[in-house]
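S.K.: Listed in order, the protein sequences are those of chains C and S. Residue numbering for the first sequence follows this note's numbering, starting at 139 and increasing by one per position. Residue numbering for the second sequence follows this note's numbering, starting at 30 and increasing by one per position. Ideal Cβ placement from N, Cα and C applies to all residues, glycine included. Computed from a predicted model, the values in this text were never measured in an experiment.
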Amino acid sequence: MSDPLLELDDVYKSYGEEQVLSGVSFEMDAGDVDVVIGPSGSGKSTMLRCVNRLTEINGGDIYLDGDCITDADTDVNELRKQVGMVFQDFNLFAHLTALGNVTLGLRKVRGMDKATAQEQGYEHLEQVGLLDQADSYPAELSGGQKQRVGIARALAMDPKLLLFDEPTSALDPELVGEVVEVMRDLAAEGITMLVVSHEMGFARSAASDIIFLDDGQIVEHGPPEQLFQNPQAARTGEFLSRLETAHEEE
Amino acid sequence: MGTPESTTSGRTLRARAAGLTDQPLTLLTVGVFWTWLVVRWTNDFLLDGALIERNTSFFPVGPFEAAASTLGALAASLGPVGFPVRWLAGFFEFLAASIPYLPQLATGVWATILLTVLGIALGFLIAVPLSVARVYGGSATRLLALGYTELFRGTPLLAQLFVLYFATPLTTIIRELPAVGAGFIPAQAFWVAVIAFMLNSAAYQSEYIRSALNSVPEGQLTAARAIGLSKVDGIRHVVLPQGLRYAIPGWSNELVYLIKYSSLASFITVRELFERTDAIASETYRYTELFVLAGLLYLALVISASLVMEYVEDRVAIPGLGTTSR
Ligand SMILES: Nc1ncnc2c1ncn2[C@@H]1O[C@H](COP(=O)(O)OP(=O)(O)O)[C@@H](O)[C@H]1O
Ligand SMILES: [Mg+2]
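Here's what the structure looks like:
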């Protein structure tokens, strides 16, 4: 058995007095798509941010491809080249075109020359169906298009792992589909993804595992069929039924 | 969200607010002003007076004097209702009296422009790291930058000029440098003034840039860090390109202030526009004409600066970013 691609081992994180993650442990293999669900404030974003060290943990270890990345001597910039992130509110570089957003990392982090970077940039924009918007600025794009550029920007770094923090929750309902479709394509290509999302359609069809996080702890972790049809913990069932009600109200 | 946001260019808003700078008459006046300046400087500094002798105006005084006396006579013959004609005559008298001093004032304008442009440009080079230190520095760096800013904003510019000129060896050091004071390269007092304006305007510029940097959303740097850029590179490639665009309107104000504050350099004998005006006026006792004229020349400089900044703002405008989005 080879190492898991990502392993969280008893991770703790607190902000001052507030304990946000209390002993989170799980593993993902290369090619897995794990979907994290849980109530607001349960620590989902914090957990993702610990994986690319936008947030520093207080206890435990995180391993990427067998290497402990929470050591003091880990080069965080090197780590972040290998772990892409897609944000809830896109965070596209507002002064750059779609192509500029995708190529900035290639040029300034990977050190590619402009022509090579652009060539690759166009490929990634094509991958998310936005070749025709290469020269548009973020303000000229719809929310769905912005998020697809956000995905292309993360993909361009050729990461081992892609983190998604509620990629569709800032979108108008009619724009969610185009983003989910791109994420499905990536999942089908075998890209390893750790996705915080309550898009149940995506979770059911694309997830290898569902992780239910509540109050900084993993309450339940298992394949979607099991977790959705036959939740083991009472809290999981409650959360899922609340989620369903919320969806029906929309 | 959902549909692409409609965007207006930065200039549309600014022009609406300014009004003055997009008038054809303004453009014409500024055009004439600069043509005169450039021809004058070329003749005086580069061609050694080849077109016309130095200190001799391009414009003859005769016709204006003639017009003034004709109109004056006409006004007198009209009696009490002749006052508008009398004013017109006065205007021509003003022109006739001012024209002989234009060449010397043009030299003063050269020094004023050089002083302002060098002061603001060199100050900018200090202001950028200073403002970045204020926003992103550690507590020590932050405090240091704050101390600098408060020192230079909290004390009078004139005092700063005097300290640098009289109380430091700067003047002596600069005097010994080659080429200082030769031809159109100004003498040491000028360079002391440049240094003072650089240090002072760096403090003011850094305030404008600092608040502009603060208005760049935090997520921008987070996203930059997330693709593997270091903090410094993220600031350089993501935060500054946006922040500096936000800073343009405030920064333009600082430029306009500096054009006018540069007149303080006259106190340390720099032969800029205000000093020239004052010197000629005390020789000729034509205070009114000369200071009105100097005022008009400063105004022309200020309007020119606004035009340039509007052009720059327009050139670097990005849809959805900058003056319109705030
Ligand atoms: N930078 C921060 N400083 C202080 N508290 C924070 C910070 N980020 C998150 N928190 C707190 O941590 C808890 C978990 O937040 P988060 O990870 O964003 O939850 P989720 O993404 O599941 O909604 C919340 O109570 C939030 O207030
Ligand atoms: Mg969150």
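Using 8 Å for Cβ pairs, my map puts S:Leu187 next to S:Val221. What's the rounded Cβ distance?
M.R.: That pair is no contact at about 13 Å.
S.K.: Counting only C-beta atoms, is C:Tyr275 closer than 8 Å to chain S at any point?
M.R.: Chain S, which has a Cβ nearer than 8 Å to the Cβ of C:Tyr275, makes this yes.
S.K.: Could you work out which residues of chain C lie near S:Ile347, taking near to mean beta carbons separated by less than 7 Å?
M.R.: His233, Tyr275
S.K.: Name the chain S residues that come within less than 7 Å of C:Gly259, Cβ to Cβ?
M.R.: Under the 7 Å cutoff, chain S gives no residues; its nearest Cβ is about 13 Å from C:Gly259.
S.K.: Can you name, in chain order, every residue of its own chain whose Cβ lies under 7 Å from the Cβ of C:Ile289, other than the five neighbours on each side?
M.R.: Excluding positions up to five away in sequence, the list reads Val224, Val266, Val320.
S.K.: Determine the chain S residues that contact C:Glu316 at a beta-carbon separation under 9 Å, and present them in chain order.
M.R.: Near C:Glu316 there are no residues of chain S at all, since even the closest Cβ is about 12 Å away, more than 9 Å.
S.K.: With a threshold of 8 Å on Cβ separation, who are the neighbours of S:Gln133 within its own chain once the five nearest residues in sequence on each side are excluded?
M.R.: Asn84, Arg305, Ile309
S.K.: Kindly indicate which residue of S:Gly101, S:Gly137, S:Trp139 has the alpha-carbon position closest to the one of S:Phe123.
M.R.: That would be S:Gly101, whose Cα lies nearest to the Cα of S:Phe123.
S.K.: Among C:Val317, C:Ser163, C:Asn196, C:Glu327, which one has its Cα closest to the Cα of C:Asp209?
M.R.: C:Asn196
S.K.: DSSP three-state call for S:Ser259: helix, strand or coil?
M.R.: coil
S.K.: Does the beta-carbon of S:Phe112 have 16 or more other beta-carbons within 10 angstroms, so that it is buried, or is it exposed?
M.R.: exposed
S.K.: Return the chain-ordered ranges of every alpha helix (DSSP H) run that is complete within the region 277–355 of chain S and spans a minimum of 4 residues.
M.R.: Fully enclosed alpha helix (DSSP H) runs of 4 or longer: 302–313, 316–345.
S.K.: Please list the partners that C:Phe225 has in chain S, where partner means a Cβ-to-Cβ separation under 9 Å.
M.R.: Gly248, Thr251, Ala252, Ala255
S.K.: Put C:Glu327 into one of helix, strand or coil per three-state DSSP.
M.R.: Secondary structure of C:Glu327 (DSSP, three-state): coil.
S.K.: Go through the region 241–269 of chain C residue by residue and report every complete run of the alpha helix (DSSP H) that reaches 4 residues or more, in order.
M.R.: If you keep only unbroken alpha helix (DSSP H) runs of at least 4 residues inside the region 241–269 of chain C, you get 252–265.
S.K.: Measuring alpha carbon to alpha carbon, tell me which of C:Ser152, C:Val173, C:Ser163, C:Ala168 ends up nearest C:Asp347.
M.R.: C:Val173
S.K.: Are there any heavy atoms of ligand 2 lying less than 7 Å away from the beta-carbon of C:Lys182, as far as the coordinates show?
M.R.: yes
S.K.: Give me the chain C residues within the contact set of S:Val267, using Cβ-Cβ distance strictly less than 8 Å, ordered along the chain.
M.R.: Phe231, His233, Leu242
S.K.: S:Ser168 and S:Leu242: beta carbons closer than 8 Å?
M.R.: No, the pair does not count as a contact, with Cβ atoms beyond the cut-off.
S.K.: Cβ closer than 7 Å: which chain C residues qualify as neighbours of S:Ser259?
M.R.: Those are Asn215, listed as they occur along chain C.
S.K.: From S:Tyr286 to S:Ile81, what distance separates their C-alpha atoms?
M.R.: 34 Å
S.K.: Between the Cα of C:Phe366 and those of C:Gly354, C:Arg218, C:Thr193, C:Ser379, spot the shortest distance and give me the residue it belongs to.
M.R.: C:Ser379
S.K.: Going along chain C in order, which residues have a C-beta closer than 7 Å to the C-beta of S:Asp262?
M.R.: Per Cβ cutoff of 7 Å: Lys246.
S.K.: In the DSSP assignment, the beta strand (DSSP E) including S:Tyr14 goes from what residue to what residue?
M.R.: The question about residue 14 of chain S has no answer, for chain S in this structure spans 30 to 355.
S.K.: Measure from the alpha carbon of C:Val304 to the alpha carbon of each residue in C:Gly169, C:Gly360, C:Arg187, then state which is nearest.
M.R.: The sequence given here places Glu at residue 304 of chain C; Val does not occur at that position. Here the closest residue by C-alpha is C:Arg187.
S.K.: Per DSSP, C:Ser379 is paired with what?
M.R.: None; C:Ser379 has no bridge partner.
S.K.: Pull up the DSSP beta-bridge partners for C:Cys206, would you.
M.R.: C:Tyr201
S.K.: What are the boundary residues of the beta strand (DSSP E) that S:Ser160 is part of?
M.R.: No beta strand (DSSP E) contains S:Ser160, which is instead part of the alpha helix (DSSP H) from 131–165.
S.K.: Determine whether the beta carbon atoms of C:Met252 and C:Thr193 lie at a separation below 8 Å.
M.R.: First, the residue type needs correcting, since residue 252 of chain C is Lys and not Met in the sequence shown. It is not a contact, given that the beta carbons lie outside the stated cut-off.
S.K.: Where do the ends of the beta strand (DSSP E) carrying C:Gly161 lie?
M.R.: 156–166
S.K.: Could you name the residues of the region 180–198 of chain C whose beta carbon sits closer than 7 Å to any beta carbon of chain S, in the order they occur along the chain?
M.R.: Result list: Asn190, Leu192.
S.K.: When every heavy atom of ligand 2 is checked, does at least one fall within less than 7 Å of the C-beta of C:Glu337?
M.R.: Not under cutoff, so the answer is no.
S.K.: To the nearest angstrom, report how far apart S:Gly312 and S:Ser127 are at their CA atoms.
M.R.: Residue 312 of chain S is actually Glu in this sequence, not Gly. Cα-Cα distance, rounded: 14 Å.
S.K.: Is DSSP giving S:Gln52 helix, strand or coil here?
M.R.: coil
S.K.: For S:Gly250, which option in S:Phe121, S:Val268, S:Tyr233, S:Thr178 has the closest C-alpha, if you only look at C-alpha atoms?
M.R.: Per the sequence shown, the amino acid found at residue 250 of chain S is Leu instead of Gly. The residue with the shortest Cα to Cα distance from S:Leu250 is S:Val268.
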